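Number of protein chains: 4
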Amino acid sequence: MTSAAVKPGRPRSERARQAVLKAAAELLVDGGMAAVTMEAVAARAGVSKVTVYKWWPSRGAVAVDAYCDHYRQTIVFEDTGDVAQDLQRQMKVMLRAFSGRAGAIMAELIGQAQSDPGLRETLRERWISPRREATLLVLHRAIERGQLRGDLDLEAFMDELYAPLYFRLMLQHQPLDQQLPATLVAQALAGARR
Amino acid sequence: MTSAAVKPGRPRSERARQAVLKAAAELLVDGGMAAVTMEAVAARAGVSKVTVYKWWPSRGAVAVDAYCDHYRQTIVFEDTGDVAQDLQRQMKVMLRAFSGRAGAIMAELIGQAQSDPGLRETLRERWISPRREATLLVLHRAIERGQLRGDLDLEAFMDELYAPLYFRLMLQHQPLDQQLPATLVAQALAGARR
Amino acid sequence: MTSAAVKPGRPRSERARQAVLKAAAELLVDGGMAAVTMEAVAARAGVSKVTVYKWWPSRGAVAVDAYCDHYRQTIVFEDTGDVAQDLQRQMKVMLRAFSGRAGAIMAELIGQAQSDPGLRETLRERWISPRREATLLVLHRAIERGQLRGDLDLEAFMDELYAPLYFRLMLQHQPLDQQLPATLVAQALAGARR
Amino acid sequence: MTSAAVKPGRPRSERARQAVLKAAAELLVDGGMAAVTMEAVAARAGVSKVTVYKWWPSRGAVAVDAYCDHYRQTIVFEDTGDVAQDLQRQMKVMLRAFSGRAGAIMAELIGQAQSDPGLRETLRERWISPRREATLLVLHRAIERGQLRGDLDLEAFMDELYAPLYFRLMLQHQPLDQQLPATLVAQALAGARR
DNA sequence: AAGTAATCGAGACGGTACGTCCGGTCTTCCT
DNA sequence: AGGAAGACCGGACGTACCGTCTCGATTACTT
């Protein structure tokens, strides 16, 4: 009846969880994914390997968790009244972050996820989805205001805007310069206005 | 005139090169990147590990080389006279390929490249650049014909078209369905026509 | 009193230790030192290489350990009352052993120790020293009985007796025949009696 | 008639032979046997590996050859008229040499020979035998002069004198100090005089 | 002068073992 | 029931030498 069925035995150590995330974040920042081995994380956190395995299925999972915990930068969307403005500002924030350490690490995380389906799932849930949902709000708002056509394929539209950033981040065939958001927004919106 | 500078010593074994690429391609196809270990490649090719290391710096490099060798599908661009047609057809060919084994492997290759700058370089040179250059030809042709504005940022434009495919391939937040090319081309061209 | 300082963690596997020694001894007997590679020992013992490295620093160390374990022939010294008899009998036992497989292996072990100081140390502690100490007892007993002069340099004396056996074993310039002990004892004792 | 049957083809390069011996000796002196790899010798000599293999069967063979070439110290036996004097002086010369680099290397050579019968053979021929024969001369001379008994087992006698030096060199259970020759000669001769 | 034959340099090759690293799993005791 | 400690098996890493092999280039003696 009582939902919170009190579990027997020693409860999970919150201290251990924090220590693991902290250790992983540090390793991640100055050594990239390569440095985030279960061995190293456990050692640095002063925790046994088994404990890490108990709560995270793989080193990738620890890394994503630590990353999201460490870079939990607010997904700021101001409402300027102009959808172009809103999108452009948000993209600039993201681009600025991706120009630094956070970008290199995100690239490695997505990279790692390509050979670990579970990690891809986690990455989507913890990083991608929240951002896309926030963007969707902006776009719906713009449609209501009549700034955008109502028949747009919003998923494809968002990909046109954001995928180039991730693509350049990962392939580095072109630089991630500051006017890129403006260009992308301009070109994408040109055919999307009502 | 150009004396072919005959190098001393035993010449490189073409047989070994072929065997390695073949072995790597096979391993890649039925096992993904995880199966492409230097050890396995060498064993399967009937070649010593040292020989592999001699000509390829890393397992990633072997894999990319083998991939490009194996999937050297022609980058077909018909000239239909209509830029939208041309782009859409090419994208469909690519999308079809990426829906199968080749897509999963490409995702892993890009993934691997995130923790190996040399590999990223190779991937750009061997896979990305040739395709972008072919696309550039199409776009320039369209501009000359007056189908596209002349002041477009072509690099950004190409990213708007192709990055979504790679992005969906890697994140799998949305399916790679067959009408995606049409949608992307339509939305992107809407604001790009003269 | 001395609390046996219970160490934390999983205790060392006695099973693994035995298996390694057994495997090494077998390899040693039918293949000599050349067959005792860390790889082969580990494989034959059904143990991981790391485990072997954990407890033995080198293949030489494993070999010596296995040798002493395998050929832990009693260092029998009967007390016949006559020092010449005692020495001669002991030397004959040793010579008989060295005429077979054990001799060839011991030669290889000493050989290996020439390029591995740690191994030389081990060899001295595990093989040479116990035998020399047993011999010292016999000599001291003889001195007390008045069978030998008290001012002998016992270390040099023991070398005169035993070094020729090892020397012939290693150089094979002369055979290790059964009357050698008698000759050596006779000549050495001739000038050593009181 | 002319014994030196002139062989066709390019004659062996004396330059290469010298270069190999020189290179091997240098490597031997500052790096021991471990440094004398076929690879290193060839590289240092500016000679191809095949050339080395052509004239020496193994690295051990090169090393012994280089050693004997480098340390071709005269086997001096003065004839003082007293056999004890003669032996002791010769042993002191040898002991002095063995206290330095030459000793360590000789130990390694004998060590190496334990797993290479061909090398043992070479070592005997090039190093041991000449010295034993010179010693035999001294002993025969002493017998003629009536300083030694005629029924001695000379081979065993020589072993009693010299084996301890090699034994201590290799096992290092006791130091190779300067008064050792005197002790050995005294004890050995005590029972060997007429 | 042309032919023959052995040698030489360079260096690629298949192979074996090295010593290390990490991933996961296990066993033991402590809390 | 956790958790810390740490030993364990397995697999791959990248490297070092081994001994063999193909090359083209030399260097003599033989016709």
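Protein chains in written order, with numbering that gives the first Met the number 0: chain A, 0 to 193; chain B, 0 to 193; chain C, 0 to 193; chain D, 0 to 193. Beta carbons are placed, not taken as given, at the ideal position from N, Cα and C, and that holds for glycine. In this text, all values refer to a predicted model and were calculated from it rather than measured experimentally.
Cα-Cα separation, residue i to residue j
i, j, result
"S2(A)", "T50(A)", "Because S2(A) carries a pLDDT of 40, less than 50, the predicted location of this residue cannot be relied on, and the following value inherits that uncertainty. Approximately 26 Å, taken between the alpha carbons."
"F156(C)", "P174(C)", "22 Å"
"E13(B)", "W55(B)", "14 Å"
"E132(B)", "C67(B)", "17 Å"
"V177(B)", "T134(B)", "Per the sequence presented here, residue 177(B) reads as Gln, with Val not at that position. Looking at the two C-alpha atoms, the distance is approximately 20 Å."
"R88(B)", "A181(B)", "9 Å"
"G8(C)", "R95(A)", "47 Å"
"R144(D)", "I127(C)", "40 Å"
"G99(B)", "G80(B)", "30 Å"
"V40(B)", "Q171(C)", "48 Å"
"K53(C)", "A15(D)", "45 Å"
"M32(D)", "L164(D)", "21 Å"
"Q146(B)", "L108(B)", "36 Å"
"D219(B)", "A189(B)", "Here chain B has residues from 0 to 193 only, and residue 219(B) is not among them."
"D152(D)", "K6(C)", "60 Å"
Close Cβ partners of residue i (< 6 Å) along its chain, the five nearest in sequence each way excluded
i, result
"A44(B)", "A18, V19, A22"
"M169(A)", "A106"
"F166(D)", "none"
Cutoff 8 Å: residue i Cβ touching any chain A Cβ
i, result
"F156(B)", "yes"
"P163(B)", "yes"
"S114(B)", "yes"
"A33(B)", "yes"
Short Cβ contact (8 Å threshold) for residue i with residue j
i, j, result
"E159(C)", "L183(D)", "yes"
"M105(A)", "F97(A)", "yes"
"R137(D)", "L86(D)", "A small correction: the amino acid at residue 137(D) is Val; Arg does not occupy that position in the sequence shown. Against a cut-off of 8 Å, the Cβ pair of L86(D) and V137(D) comes out as a contact."
"G110(D)", "S114(C)", "yes"
"Y70(A)", "A103(A)", "no"
"A162(A)", "A42(B)", "no"
Cβ-based neighbour list, residue i, same chain, cut-off 8 Å, excluding 5 preceding and 5 following
i, result
"A60(D)", "G117, L118, T121"
"V92(C)", "Q72, V75"
"R140(A)", "D78, V82"
"R203(B)", "The question about residue 203(B) has no answer, for chain B in this structure spans 0 to 193."
"A187(A)", "F156, E159, L160"
"A185(B)", "A83"
"E38(D)", "K48"
"R11(D)", "W54"
Simplified DSSP assignment, three categories, for residue i
i, result
"R144(D)", "coil"
"L11(B)", "The amino acid occupying residue 11(B) in the given sequence is Arg; Leu does not appear at that position. The answer is coil: DSSP assigns R11(B) none of H, G, I, E or B."
"R192(B)", "strand"
"Q17(C)", "helix"
"K53(C)", "helix"
"D176(B)", "coil"
"K6(B)", "coil"
"T1(B)", "Residue placement at T1(B) cannot be trusted, given a pLDDT of 42 that sits under 50; what the coordinates show is reported in the next sentence. In the structure shown, T1(B) sits in coil (DSSP, three-state: anything other than H, G, I, E or B)."
"I127(A)", "helix"
"I74(D)", "coil"
"G59(B)", "helix"
Beta carbon proximity, residue i to chain C, threshold 8 Å
i, result
"R123(D)", "yes"
"L170(D)", "yes"
"E132(D)", "no"
"I127(D)", "yes"
"R119(D)", "yes"
"Q173(D)", "yes"
"A189(D)", "yes"
Min CB distance residue i to chain D below 8 Å
i, result
"T182(C)", "yes"
"S2(C)", "Interpretation of S2(C) is limited by its pLDDT of 44, a score under 50 that renders its predicted location unreliable; the figure taken from the coordinates is listed afterwards. No, S2(C) does not count as interfacial toward chain D."
"Q111(C)", "yes"
"A106(C)", "yes"
"Q186(C)", "yes"
Residue-chain proximity (residue i, chain B), Cβ-Cβ < 8 Å
i, result
"S98(A)", "no"
"R58(A)", "no"
Close Cβ partners of residue i (< 7 Å) along its chain, the five nearest in sequence each way excluded
i, result
"V35(B)", "A23, L26, L27, R58, V61, A62"
"A65(C)", "L20, A23, A24, L27"
"A112(A)", "G59, L118, R119, L122"
"R130(D)", "I74"
"L179(A)", "L94"
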